[in-house]
Amino acid sequence: MKEALDFVLSMEFWRMGLRWTLSLLISYWHLLFASTTTPPSRSPPPSSSSRPVCIITGATSGLGAAAAHALSARGFFVVLVGRSSRLLEKTMMEIKRKNESAQLKAFEVDLSSFQSILQFKASLQQWLSDLQMHSSIQLLINNAGILATSSRFTSEGYDQMMATNYLSAFFLSKLLLPLLRNSLIPSRIVNVTSFTHRSVSNIQVAKDTVSGKCFSRLKRYPYAHVYEYSKLFLLLFSYELHRQLGLMDISRHVSVIAVDPGVVETNILREVPPCLSSLANKVLRSLWFLQSPEVGISSILDAAFAPPETSGVYFFGGKGNTVSSSMLSYDAKLAQELWSASSDLFLESQLAFKETSTSVSNFVFRFNCRSSSNAFPSCDRSL
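In structure tokens:
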């Protein structure tokens, strides 16, 4: 009870309750003036040799699991990415129970860790090679996300929520872009964002903000703000990647779409005191805002099956509807600053990974030299 009371007395709680509700209402207001894309066929694009490959992050529950169910039923070879091997296995069994012909592959990945993402890329390429599949993917859905109510840092020193919600999407998209470009058919990146991005009215983009390190200097962790920033960054990144890909390839072989599923009944509020999360769900359900994951994925499926030329748009509300995101999300200067800061973090993480790998290799090499000097007579013991 004391935990719930402390939570209610925090400014972040009231920000969630008031500003997020207002942001949701604004999104539905925009829906009145929405544009509608060509009604999606909800069937995968034709492939000359095999099923198109779709990667879904955060695939062990909620929207990710529902999307995996739906896309495997529509002919995709679905690659599930998640942190828990047990939950990955459970999700795959549930999909197979409903659809025996589903083609699935699971990878255990900590999406808050650059090293884990890098290892996933190598494992994915090896898997494609082992199955003699074309070295490409057709659909990447960056869905992983958390709402952390306390400050936690990754092994690279990044804020865990910012790393999971935004940096993982940036890093993974950057690493897998060659596989998307290599596709024989048009490919696509779908970034799952949120109406909460509308709550951000102003922000200064710097490496400390993007990595989340600046939040550790505050007396109290601003979890609502951090969540909003991560979702705004996803939108800015989506629009900037769309712009850059258009400059490099006028035919837009790789398209980028942002989607907002609205309010969905998932375990996103698992760190909120149960009595409060339960109350929030009851209120939202009574107002007809709360959707099941099976309904909530409609915008994700709309984006996945939209015409190949569709790119740089924001899907919300299902039925192929696209709406305008916040004015701040269209700030080109802010998007370029975010791209620059994110790219710097990417390069720093790459360098740190290489240094760690080199240190480990040198340690193993020295150990082998000392323990097997007869087998390796030419080893330089000074290394």
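Sequential numbering of the sequence shown, starting at 174, is according to the working numbering.
Think of the CB as a built atom: it goes at the ideal place given N, C-alpha and C, for glycine as much as any other residue.
If you check the beta carbons only, do Ala505 and Ile430 fall under 8 Å apart? no
Among the candidates Ser356, Gly255, Leu418 and Gln377, whose CA atom is the shortest distance from the CA of Glu510? Gln377
Exposed unless 16 or more other CB atoms sit within 10 angstroms - verdict on Ile310: buried
Among Gln292, Glu185, Ala317 and Glu267, nearest to Val399 - alpha-carbon criterion: Glu185
Apart from the five residues on each side of it in sequence, which residues of its chain come closer than 6 Å, Cβ to Cβ, to Gly385? Tyr331, Asp332 and Met335
Where does the unbroken alpha helix (DSSP H) through Val399 begin, and where does it stop? Tyr396 to Met421
Smallest Cα separation from Ala317: which of Leu244, Leu253 and Ser183? Leu253
So what does DSSP say about Ala379, is it helix, strand or coil? coil
Can the beta-carbon of Thr366 be found closer than 8 Å to that of Lys404? yes
May I ask you to report which of helix, strand or coil DSSP gives Thr529? helix
Given a threshold of 16 other Cβ atoms within 10 Å of its Cβ, counted over all protein chains shown, does Arg371 qualify as buried or as exposed? buried
For Asn315, which residues from the same chain have a beta carbon less than 8 Å from its beta carbon, with the 5 sequence-adjacent residues on both sides left out? Thr230, Ser341, Ala342, Leu345, Ser346, Ile362, Val363, Asn364, Val365 and Leu407
Trp461 versus Glu528 - alpha carbon distance: 52 Å
Is the Cβ-Cβ distance between Ala232 and Thr264 less than 8 Å? yes
For Arg188, collect the residues of the same chain with a Cβ closer than 6 Å to its Cβ; drop the 5 residues on either side in sequence, then sort them by chain order. Ala397
Following the continuous alpha helix (DSSP H) through Arg361, name the residue where it begins and the one where it ends. It is not in any alpha helix (DSSP H) - Arg361 instead sits in the beta strand (DSSP E) that spans Ser360 to Val365.
Assuming Val436 contacts Leu463 under a Cβ cut-off of 8 Å, what Cβ separation, rounded to an integer in Å, is found between them? At roughly 5 Å, the Cβ-Cβ gap stays under 8 Å, so Val436 and Leu463 are in contact.
Taking 8 Å as the cut-off, decide whether the C-beta atoms of Asp517 and Lys294 are in contact. In terms of Cβ geometry, Asp517 and Lys294 do not form a close pair [threshold 8 Å].
What did DSSP end up calling Glu566 once you bin it into helix, strand or coil? With the chain covering 174 to 556 only, the question about residue 566 has no answer from this structure.
Go ahead and label Ser221 buried or exposed: buried means 16 or more other beta carbons lie within 10 angstroms of its beta carbon, across all protein chains shown. Unreliable placement is indicated for Ser221, whose pLDDT of 43 sits below 50; no coordinate value is reported for it.
Which residue or residues does DSSP assign as beta-bridge partners of Asp433? Phe489
Between the CA atoms of Asn494 and Leu260 - distance to the nearest angstrom: Leu260 and Asn494: Cα-Cα distance of roughly 32 Å.
Rounded C-beta distance between Pro359 and Pro481? I'm assuming under 8 Å. 4 Å
Own chain residues within Cβ distance below 8 Å of Ser328, not counting five before or after: Ser286 and Gln288
Option in Gln298, Ile199, Gly190 and Met174 with minimal Cα separation from Ser497: Ile199
Quick check on this structure: which residue in Leu409, Cys448 and Phe326 has the alpha carbon closest to the alpha carbon of Met500? Leu409
Close-in-space but distant-in-sequence residues of the same chain around Ser296 (CB under 8 Å, 5 per side omitted): Phe280
Whole-angstrom C-beta distance between Gly491 and Ser558, which should lie under 8 Å: Because the chain in this structure spans residues 174 to 556, residue 558 falls outside the shown range and cannot be described.
Suppose you measure from the CA of Leu348 to the CA of Leu291; what does that come to, to the nearest Å? 8 Å
Which residues in the same chain as Thr337 place their Cβ atom closer than 7 Å to its Cβ, once the five residues preceding and following it in sequence are excluded? These residues qualify, in order along the chain: Leu284, Ser285, Ala317, Gly318 and Ile319.
Between the alpha carbons of Ser162 and Thr369, how many angstroms are there, rounded? Nothing about residue 162 can be reported from this structure: the residues present for the chain run from 174 to 556 only.
Reference His426, options Phe326, Pro434 and Arg416, closest by Cα: Arg416
Report the start-end ranges of each alpha helix (DSSP H) in the region 276 to 303 that is 4 residues or longer and not cut off at the edges. 287 to 303
Enumerate in chain order the residues of its own chain whose CB-to-CB distance from His242 is below 6 Å, with the five nearest sequence positions on each side excluded. For His242, same chain residues with a beta-carbon under 6 Å away, outside a window of 5 residues either side, are Ile268 in chain order.
Can you grab the Cα-Cα spacing for the pair Thr483 / Val282, in whole Å? 30 Å
Can you name the residues that DSSP bridges to Ile314? Bridge partners of Ile314: Ile229 and Val363.
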